[in-house]
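Please read the structure below before turning to the comments.
Residue numbers (the working numbering): 542 to 824.
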């Protein structure tokens with residue numbers, strides 16, 4: 542029977558050390574590969590988002606330069622109301638004009654109440670739009686006067702004001718005519734049309750002018766327009782470009798932060814994935 546050669550303790554230690562060194566070398570090699578993979582993934586993330594961030598930063602820098610120029614010129618911060626407050630308010634004024642003006646056209650569209658509602662809303666849209674425009678002109682009157690003179694701006698103010706007053710006066714006359722008709726039940730509307738015609742009847746209303754009820758209605762409509770004009774005046778910046786520049790600047794800042802946030806999220810995911818793999822390889 543063959544004899545088993547003796548293994549001294551020193552030889553066993555050498556073999557054990559070799560195996561330990563092999564495992565350590567393999568672990569280090571795996572960790573190095575994981576680090577290389579991690580570096581490649583991080584570079585890929587930078588490639589994906591770096592260009593977009595650079596473009597967004599360039600856009601923001603350009604807008605900031607414009608904003609800084611205007612701010613230095615006016616020496617103040619921008620003053621304006623947010624659009625999601627202003628426009629719903631103006632729309633509410635337009636809708637409020639419907640019940641106010643509906644009866645003005647009820648006399649001529651008695652058989653079609655939907656038409657009278659539509660015409661009343663159209664009048665409201667026109668009046669509030671003119672109020673918006675007039676408020677904007679008055680808000681920026683001083684700016685434009687300094688650059689192009691007062692004649693053009695004053696002409697706009699006079700023209701828009703004349704249109705508003707004429708439209709309100711006409712609607713008030715029609716409203717008063719409707720009230721006068723309602724107080725004369727002995728004459729039907731068809732009889733009145735047969736006798737004079739719609740155009741002649743409207744002409745007679747305007748010739749008669751406004752009474753107390755008509756002027757009250759005139760004041761109500763004028764008050765609504767004044768509210769819209771005031772809202773337009775205080776909701777816009779006196780400098781025509783400052784408001785848009787400030788809105789663009791905020792959008793550009795938000796866009797840049799959005800892209801950077803996506804990059805940060807992608808990097809965080811990669812960092813966690815890499816940490817998990819390193820912990821597993823080191824165990």
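Glycine included, each C-beta is placed from N, C-alpha and C at the ideal position.
Predicted, not measured: the structure shown is a model, and the values here were computed from it.
Margin query: The alpha helix (DSSP H) that contains residue 779, what's its start and end?
Written below: No alpha helix (DSSP H) contains residue 779, which DSSP labels as neither H nor E.
Note to self: In the DSSP assignment, the alpha helix (DSSP H) including residue 621 goes from what residue to what residue?
What the structure shows: Membership of residue 621 in any alpha helix (DSSP H) is not indicated, and neither H nor E is assigned to it by DSSP.
Next item on the list: Reducing DSSP to helix, strand and coil, say where residue 821 ends up.
Entry: helix
Next item on the list: Please name the residue in 623, 772 and 635 whose C-alpha comes closest to that of residue 658.
Entry: 635
Next item on the list: Report yes if the C-beta distance between residue 704 and residue 671 is below 8 Å; otherwise report no.
Entry: yes
Notebook entry, point to check: For residue 799, does the count of other Cβ atoms within 10 angstroms reach 16, so buried, or fall short, so exposed?
Noted result: exposed
Check: How many whole angstroms separate the CB atoms of residue 502 and residue 793, which I take to be in contact at a CB cut-off of 8 Å?
Finding: Here the chain covers residues 542 to 824 and nothing more, so residue 502 does not appear.
Check: With a CB to CB cut of under 7 Å and the five nearest residues on each side skipped, what residues in its chain are close to residue 784?
Finding: 619, 621, 777 and 778
Check: Just the Cα atoms here: how many angstroms apart are residue 824 and residue 815?
Finding: 14 Å
Notebook entry, point to check: Below 8 Å, can you find three or more Cβ-Cβ pairs linking the stretch 602 to 612 to the stretch 626 to 643?
Noted result: No: the two stretches stay apart, fewer than three of their Cβ pairs being nearer than 8 Å.
Notebook entry, point to check: Comparing alpha-carbon positions, which option in 639, 643, 573 and 683 lies nearest residue 780?
Noted result: 683
Check: Just checking my contact of residue 584 with residue 811 at CB under 8 Å: how many whole Å lie between their CB atoms?
Finding: At roughly 11 Å, the Cβ-Cβ gap does not stay under 8 Å, so residue 584 and residue 811 are not in contact.
Notebook entry, point to check: If you drop the 5 nearest sequence neighbours on each side, which residues of the same chain put their C-beta closer than 7 Å to that of residue 786?
Noted result: 604, 607, 608 and 611
Margin query: Less than 8 Å between the beta carbons of residue 578 and residue 822, yes or no?
Written below: no
Next item on the list: Kindly indicate which residue of 820, 813, 801 and 817 has the alpha-carbon position closest to the one of residue 591.
Entry: 801
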